[in-house]
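With this note's numbering as the guide, the letters of the sequence shown map in order to residues 144 to 418. Ideal Cβ positions, reconstructed from N, Cα and C, are used throughout, including at glycine. Predicted model, so just to flag it, every value in this text is computed and none were measured. The next block holds one structure in the form of structure tokens; read it before the comments.
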Amino acid sequence: MDLHILDHKLRVTSISKTGLQQYTHPLIKLIFLRNRTRCKFFSLTETPENYTVVLDEEGFKELQPSEHLQVEGSTWLPLNVVSNGNTSSSSQAVGVTKIAKSVIAPLAEQHVSVFMLSTYQTDFILVREKDLSVVVETLVEEFNIFREEGGESVPVHSQDACNGLQRNVPHATVHPVLIPENQFCVMSLDPDTLPAIATTLIDVLFYSNRYETFTSLPLILTLSHSLCLFFFSDECGIVAQISQPLADSDISAYYISTFSFDHALVSHFSVEVMC
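This is how it looks when you write it as structure tokens:
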């Protein structure tokens, strides 16, 4: 399999619900007016607590600093698994199961935190830019690793990124897992159809107090994806703790990583197997 380091440098941010009105204009611009911005990677997830926005540096420029905006200090790089010439997507929505053991678990063993973004078509694994050398050295034996530069895929070798590398010390922590009563529908939306449903989306996104919903709007304009996690205290292994046993039982899962928490979505019929 091939592992591609995509040509995006991403920021992970959180917008408080009390400050949403201050960011309504830039969010509408990023979601609906793609020809007015140079942003190429954008994901918005609403939880009961806040809005998590993951976007590239061009999109990040649209968000003005304020007391309502929290920004995770690191720059993140998205990784994408390619198998037999195709991305980690398939004709069926299978979630994160297929890549859990090969990517997530080895990184967790090296104390590398990941931010998981799952969409209907594919999965993205976000790693901090400062951890790239460890990521390459950890995965180079299992993957052909490429980095996108100016639209071209350039091979990456371990010696290119690992000079002077000091491995992280493995750190195992067992995190509590809760099973809420929420049920979700996972679907795909062509960005070109946005104008036709703009009113409905604005209603759901900005007037969600009228709905009992958890909303995830993954708009990666040249890619696609979205998900949730608690990683910003340098926790690691959360995705691996949940996804690896699910993969062992052949249970597919979608991950919703947000600024504060991790959410794994599994089929309703899989709950009894998990328990």
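Between which two residues does the beta strand (DSSP E) holding residue i run?
i: Phe175; result: Not the beta strand (DSSP E): Phe175 falls in the alpha helix (DSSP H), residues 163 to 175.
i: Asp145; result: 145 to 148
i: Val409; result: 405 to 409
i: Val279; result: Careful: Val279 lies outside any beta strand (DSSP E), inside the alpha helix (DSSP H) at 275 to 282.
i: Leu153; result: 153 to 159
i: Pro298; result: 295 to 298
i: Glu292; result: 287 to 292
i: Glu201; result: Here Glu201 belongs to no beta strand (DSSP E); instead the alpha helix (DSSP H) covers 200 to 203.
i: Phe267; result: 266 to 271
i: Gln213; result: 212 to 214
i: Leu187; result: 185 to 189
i: Met330; result: Looking at the DSSP string, Met330 is not in any beta strand (DSSP E), and its letter there is neither H nor E.
i: Leu260; result: 257 to 261
Which value, in whole angstroms, describes the spacing of the CA atoms of residue i and residue j?
i: Leu282; j: Gly162; result: 41 Å
i: Ile247; j: Arg290; result: 19 Å
i: Ser245; j: Leu269; result: 15 Å
i: Asp274; j: Val224; result: 18 Å
i: His406; j: Met259; result: 10 Å
i: Arg179; j: Ser256; result: 34 Å
i: Pro191; j: Glu215; result: 19 Å
i: Ile174; j: Phe185; result: 8 Å
i: Asn306; j: Val155; result: With a pLDDT of only 45 at Asn306, under the threshold of 50, the placement of this residue in the model should not be trusted; the figure read from the coordinates follows. Whole-angstrom Cα-Cα distance: 28 Å.
i: Ser217; j: Ser400; result: 16 Å
i: Tyr263; j: Ile242; result: 15 Å
i: Gln165; j: Phe327; result: 29 Å
i: Met144; j: Val278; result: 15 Å
i: Phe349; j: Thr195; result: 14 Å
i: Pro169; j: His151; result: 20 Å
i: Asp266; j: Gln213; result: 25 Å
i: Ser403; j: His211; result: 15 Å
i: Pro208; j: Arg181; result: 19 Å
i: Arg177; j: Leu153; result: 17 Å
i: Glu424; j: Ala396; result: Since the first residue shown for the chain is 144 and the last is 418, residue 424 is missing from the structure and cannot be characterised.
i: Asn311; j: Gln253; result: Unreliable placement is indicated for Asn311, whose pLDDT of 47 sits below 50; the coordinate value is still reported in the next sentence. When rounded, the distance between both Cα atoms is 5 Å.
i: Trp219; j: Pro334; result: 24 Å
i: Glu280; j: Val197; result: 26 Å
i: Phe203; j: Lys183; result: 11 Å
i: Glu394; j: Asn193; result: For clarity, residue 394 is Ile in the given sequence; the question names Glu instead. Their backbone Cα atoms lie some 29 Å apart in a straight line.
Please classify residue i: is it buried, with 16 or more other beta-carbons within 10 angstroms of its beta-carbon, or exposed?
i: His300; result: exposed
i: Glu205; result: buried
i: Ser367; result: Caution applies to Ser367, whose pLDDT of 29 falls short of 50 and renders its modelled position unreliable; the model cannot decide the point.
i: Pro338; result: exposed
i: Glu189; result: buried
i: Thr167; result: exposed
i: Thr343; result: exposed
i: Pro388; result: exposed
i: Ser392; result: exposed
i: Arg271; result: buried
i: Thr336; result: exposed
i: Ser157; result: buried
i: Val297; result: exposed
i: Asp346; result: exposed
i: Asp199; result: buried
i: Gly294; result: exposed
Considering just the uninterrupted stretch of the alpha helix (DSSP H) at residue i, what are its terminal residues?
i: Ile345; result: 337 to 349
i: Ser400; result: Segment 396 to 400 is the beta strand (DSSP E) holding Ser400; no alpha helix (DSSP H) there.
i: Leu250; result: 248 to 252
Would you grab the beta carbon distance between residue i and residue j for me? Rounded to a whole angstrom, and I think it's under 8 Å.
i: Leu118; j: Ile288; result: Past the boundaries of the shown model lies residue 118; the chain is included only from 144 to 418, so the question cannot be answered.
i: Leu222; j: Ile148; result: 6 Å
i: Leu250; j: Val329; result: Actually they are not in contact, since the Cβ atoms of Leu250 and Val329 sit about 25 Å apart, beyond 8 Å.
i: Ser261; j: Tyr398; result: 5 Å
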